[in-house]
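Visitor: In the working numbering, the protein residues as written are 38 to 352.
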């Protein structure tokens, strides 16, 4: 039965250990998920008991880890063909596909149940949507079919601050939607910068990433376009009066830096492509950008709570 439901695998020489299961959760991605989830929770108006706040973040982390494990399971054969992913637990043969699948399902279901019982069913429903979005809509449907996979699928990574906010307030308002939109718009220039110097790997396994299907010139232009579109979205919380000048000034400076780094990427020619230093620089900065932007959001909220700044409100 399992052979009909799972991709083929190399015979595994020994049982998987805890490190292999941990790898399935994509720890590097998890760091950003947990951080933005915490930021959404801390920036939200009102308060939440520390134990409940920890539970909410734990549920978000478990949900992200579960959907990542399902991504590993579904893409095992693709991972085997890419140098960057060939040594993952499944393509390397260290784990049975059904173990990864069951682990992903267990984490996903448990996370939603935990969020619903401990925090509320609106937050739980949002978490369930995020899991399905990444594991099914993005991984199984969008990624192998369209070069717009990252654009549409970017919503899967945009949920953590949205859910963190709802965990505190119990409602959906403009601010959590804006936090979602920031990550949604940030994802294309962030990931396409990576895709430019990983193009050969994606082409090898037939994944229609933008550089493979539309070419590098089009991808570079779209990186620049999405960077320009990201700037007003990042500044929007300040523009609508939901934060003070502290967040606003940080958002403006960071967005200008992002744009400055995106310009050489967007205007390069194929003759300049090796060693792709601007692309790698942009990719690395994009990670720092998101961390710094959400850290500024929390700092703004803490300063306001302590009466050190004024003039802002949280919708």
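Quick reminder that beta carbons are idealized off the backbone N, C-alpha and C, glycines included.
Everything numeric in this text was worked out from a predicted model, so none of it was measured.
Assign residue 297 to one of two classes, buried (16 or more other C-beta atoms within 10 Å of its C-beta) or exposed (fewer than that).
Guide: Answer is exposed; the Cβ neighbour count stays below 16.
Visitor: Could you check if residue 256 is buried or exposed, using at least 16 other CB atoms within 10 Å of its CB as the buried criterion?
Guide: Flag for residue 256 reads buried.
Visitor: Taking all protein chains shown into account, decide if residue 164 is buried (16 or more other Cβ within 10 angstroms of its Cβ) or exposed.
Guide: By the 10 Å Cβ count, residue 164 comes out buried.
Visitor: Are residue 335 and residue 80 touching if we call contact CB-CB under 8 Å?
Guide: For residue 335 and residue 80, yes; Cβs fall inside 8 Å.
Visitor: Taking the CB atoms as reference points, tell me whether residue 167 and residue 90 lie closer together than 8 Å.
Guide: No, the pair does not count as a contact, with Cβ atoms beyond the cut-off.
Visitor: Look up residue 259 in the DSSP assignment and say whether it is helix, strand or coil.
Guide: Correct three-state label for residue 259: helix.
Visitor: Classify residue 88 as buried or exposed, calling it buried when 16 or more other Cβ atoms lie within 10 Å of its own Cβ.
Guide: Exposed, by the Cβ-count rule.
Visitor: With respect to the alpha helix (DSSP H) encompassing residue 341, which residues constitute its N-terminal and C-terminal limits?
Guide: 314-342 is the span of the alpha helix (DSSP H), which, as asked, contains residue 341.
Visitor: I need the straight-line Cα distance from residue 191 to residue 225, nearest angstrom please.
Guide: Rounded to whole angstroms, residue 191 to residue 225 spans 7 Å at the Cα level.
Visitor: Which same chain residues, not among the five before or five after residue 121, have their C-beta less than 7 Å away from its C-beta?
Guide: Closer than 7 Å at Cβ, skipping near neighbours: 235 and 238.
Visitor: Would you call the CB atoms of residue 301 and residue 212 closer than 8 Å?
Guide: Their beta carbons are not under 8 Å apart, which means residue 301 does not touch residue 212 by this criterion.
Visitor: Determine contact between the region 121-134 and the region 147-158, defined as no fewer than three beta-carbon pairs at a distance below 8 Å.
Guide: Segments in contact, no.
Visitor: Report, in whole angstroms, the separation of the C-beta atoms of residue 223 and residue 323, which I expect to be a contact under 8 Å.
Guide: Between residue 323 and residue 223 the Cβ distance is about 7 Å, and since that is below 8 Å, they are a contact.
Visitor: So does the region 328-343 actually touch the region 72-86, counting three or more Cβ pairs closer than 8 Å?
Guide: Enough Cβ pairs lie closer than 8 Å, so yes.
Visitor: Can you list, in chain order, the residues of its chain whose CB lies under 6 Å from that of residue 337, leaving out five sequence neighbours each side?
Guide: Around residue 337: 280, 281, 283 and 284.
Visitor: Compute the distance between the beta-carbons of residue 136 and residue 195, then report whether it is under 8 Å.
Guide: Result no, Cβ atoms of residue 136 and residue 195 do not sit closer than 8 Å.
Visitor: Could you have a look at residue 253 and say whether DSSP puts it in helix, strand or coil?
Guide: Helix, per DSSP.
Visitor: DSSP on residue 63, reduced to helix/strand/coil?
Guide: Note: residue 63 maps to coil in three-state DSSP.
Visitor: Using alpha carbons as the reference points, say which of 92, 265 and 140 lies closest to residue 71.
Guide: The shortest C-alpha separation from residue 71 is found at 92.
Visitor: To the nearest angstrom, report how far apart residue 132 and residue 171 are at their CA atoms.
Guide: Computed Cα separation, rounded: 22 Å.
Visitor: How many whole angstroms separate the CB atoms of residue 241 and residue 113, which I take to be in contact at a CB cut-off of 8 Å?
Guide: Not quite, the Cβ-Cβ distance comes to about 15 Å (not below 8 Å), so this is no contact.
Visitor: Give the single residue among 84, 58 and 290 whose Cα lies nearest to the Cα of residue 106.
Guide: Here the closest residue by C-alpha is 58.
Visitor: Excluding five sequence neighbours on each side, which residues of the same chain lie with their C-beta closer than 6 Å to the C-beta of residue 102?
Guide: 62 and 144.
Visitor: Measuring CA to CA, which of 64, 186 and 319 is closest to residue 249?
Guide: The candidate whose alpha carbon is nearest that of residue 249 is 186.
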